[in-house]
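In my numbering, the protein residues as written are 1 to 372. Take a look at the structure set out below.
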Amino acid sequence: MYQPRIGDELAVLDTPSLLVDLDLMEHNIALLQERLHRSHVQLRPHLKTAKCPEIAQILLAAGAIGGCVSKVSEAEVMAQAGIEDLLITSEVVGQPKINRLVQLVEQHPQIKVVVDSLDGAAALDQAFQLVQKPLDILIEIDVGQHRCGIEPGEVAVSFAQQLRQFRCLRLRGIQGYQGHVQLIADSDERERMCRQSMRALTSTVRLLREAGFPLEIVTTGGTGTVELCASYPEVTEVQPGSFLFIDAHYRRVLGPVYTPALTVVSTILSRPAPYRAIIDAGLKSLSIESGMAEPKDRDGLYYQPFGDEHGLLEWTQEVAARGMEQVLKVGDRLELIPSHCDTTINLFDTYYAHRKGKIEAIWSIAARGKVQ
Ligand SMILES: Cc1ncc(COP(=O)(O)O)c(C=O)c1O
Numbered sequence: 001m002y003q004p005r006i007g008d009e010l011a012v013l014d015t016p017s018l019l020v021d022l023d024l025m026e027h028n029i030a031l032l033q034e035r036l037h038r039s040h041v042q043l044r045p046h047l048k049t050a051k052c053p054e055i056a057q058i059l060l061a062a063g064a065i066g067g068c069v070s071k072v073s074e075a076e077v078m079a080q081a082g083i084e085d086l087l088i089t090s091e092v093v094g095q096p097k098i099n100r101l102v103q104l105v106e107q108h109p110q111i112k113v114v115v116d117s118l119d120g121a122a123a124l125d126q127a128f129q130l131v132q133k134p135l136d137i138l139i140e141i142d143v144g145q146h147r148c149g150i151e152p153g154e155v156a157v158s159f160a161q162q163l164r165q166f167r168c169l170r171l172r173g174i175q176g177y178q179g180h181v182q183l184i185a186d187s188d189e190r191e192r193m194c195r196q197s198m199r200a201l202t203s204t205v206r207l208l209r210e211a212g213f214p215l216e217i218v219t220t221g222g223t224g225t226v227e228l229c230a231s232y233p234e235v236t237e238v239q240p241g242s243f244l245f246i247d248a249h250y251r252r253v254l255g256p257v258y259t260p261a262l263t264v265v266s267t268i269l270s271r272p273a274p275y276r277a278i279i280d281a282g283l284k285s286l287s288i289e290s291g292m293a294e295p296k297d298r299d300g301l302y303y304q305p306f307g308d309e310h311g312l313l314e315w316t317q318e319v320a321a322r323g324m325e326q327v328l329k330v331g332d333r334l335e336l337i338p339s340h341c342d343t344t345i346n347l348f349d350t351y352y353a354h355r356k357g358k359i360e361a362i363w364s365i366a367a368r369g370k371v372q
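Below, the structure written as structure tokens:
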């Protein structure tokens, strides 16, 4: 089998393959930095989106202070690649995972985790006492998403006070992520909801500081809220992930702020009927929990998966009249913008990063499938 090489044209790639347009990804990074430029906050991008140490290094080179990951197994991949300042943004619970964390933190002491229960904190403390090592922790509070996190306000203060009993746990900060707000399509409503979540976060930060907890890290924000979050003086870091690639769902919500930089290139396998084509990208190549992928630069063409391995493209008679019928021949290729980048990336082994159609880098998606 031919192994694609740097300098090859995209046409050498087998399909479906995952492509990154480097000009567009760099544009998105620069845009976010420009938007954060006037604020005091630092960028700790969420690496669960890209799952790739090389991309993490690009973000660090662009000024990120470190990264977030969701899982211990993702942290292992990033730490092994030399990314030391990591925050694990999901609670680490269960002895197998805690054992893994202990091993990892012994090698990489800058790794931090969130906690939201005394039981969870006690288990972590017990494990770190055995090796006599400290663990940096952040309290996660629920700012309205109702996923994990303890109640903001006095409950959080009382929780922080109780954490003092744990000898190995060092309270470094607080996380309040408003995941329920990111993709609200109405921008006024998104702002209103974000401000509500930020009131919960910032008032808790003030209470905790008054109670004697310095909280050097206050982290929040995703791609849909990052700028507003960064405008609050209490916030020290933001943790967006999707800004890098911008999927079709985010593009629908945010409009043309960032530009989609990630696509799946696919081949037309069959033209069974007028106004229909079958491509080689189905459920195993494009996730659909955030809606359908969108054919890139092909107005009037609609995609839906047709089982695991196939996808259906349809178009209307009017579009056909514009010449689409002739364009979409068996063997032709087209690119699709995933509706949700995180879950689509997790389906692939490799990124083919290109500039104007010429492959510039080939990166392993090393944290792909790392869900533990
Ligand atoms: C805790 C946490 N922080 C940050 C993010 C990044 O959000 P986005 O990809 O919308 O920028 C996520 C995404 O789910 C998350 O769960």
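Ideal Cβ positions, reconstructed from N, Cα and C, are used throughout, including at glycine.
Reference S242, options G323, T236, R251, closest by Cα: Against the sequence shown, residue 242 aligns to sequence position 242. Closest option to S242, Cα to Cα, is R251.
Contact belief for Q178 with T236 at Cβ below 8 Å, rounded distance in angstroms: As a working note, residue 178 is residue 178 in the sequence shown. As a working note, residue 236 is residue 236 in the sequence shown. Their Cβ separation, rounded to whole angstroms, is 16 Å, which puts Q178 and T236 out of contact at 8 Å.
Burial state of R307 (16 or more Cβ within 10 Å): Position 307 of the sequence shown, counted from the start, is the residue given in the question as residue 307. The question names Arg, yet the displayed sequence has Gly at residue 307. Under this definition G307 is an exposed residue.
DSSP state of S266 mapped onto helix, strand, coil: The sequence position of residue 266 within the sequence shown is 266, counting from 1. Note: S266 maps to strand in three-state DSSP.
For H37, three-class secondary structure by DSSP: Taking the first residue of the sequence shown as position 1, residue 37 is located at position 37. Helix, per DSSP.
Assigned secondary structure, G120 (DSSP; H/G/I helix, E/B strand, else coil): For the purposes of this step, residue 120 is taken as the residue at position 120 of the sequence shown. Here G120 sits in helix by DSSP.
Burial state of N99 (16 or more Cβ within 10 Å): The count along the sequence shown starts at 1 and reaches residue 99 at position 99. Burial call: exposed.
Sufficient close CB pairs (3 or more, under 8 Å) joining the stretch 15–30 to the stretch 291–301: no
Spatially closest choice to P53 from H37, E76, V41, E34, by CA coordinates: The sequence position of residue 53 within the sequence shown is 53, counting from 1. Ranking the options by Cα distance to P53, first place goes to E76.
C52 Cβ short of 7 Å to ligand 2 heavy atom set: Although ligand 2 was asked about, the structure shown includes only ligand 1 as ligands.
S17, buried or exposed, once every other Cβ within 10 Å from all chains shown has been counted against 16: Taking the sequence shown and counting its residues from 1, one reaches residue 17 at position 17. Under this definition S17 is a buried residue.
Assigned exposure category for E74 - 16 Cβ within 10 Å defines buried: If you number the sequence shown from 1, residue 74 lands on position 74. With 16 or more other Cβ atoms within 10 Å, it is buried.
Touching by the beta-carbon criterion (3+ pairs, under 8 Å), the stretch 205–216 and the stretch 153–162: yes
Whole alpha helix (DSSP H) elements within the stretch 60–145, 4-residue minimum: 72–80, 95–107, 118–131
Residue span of the beta strand (DSSP E) that contains H354, given as start and end: Numbered from its first residue, the sequence shown carries residue 354 at position 354. First-last of the beta strand (DSSP E) with H354: 350–355.
Stretch pair the stretch 268–279 + the stretch 318–337: three plus CB contacts closer than 8 Å: yes
Pick from P45, I111, D142 that is closest to I65, judged by C-alpha positions: Counting from one through the sequence shown, the residue named residue 65 turns up at place 65. Of the candidates P45, I111, D142, the one whose C-alpha sits nearest the C-alpha of I65 is P45.
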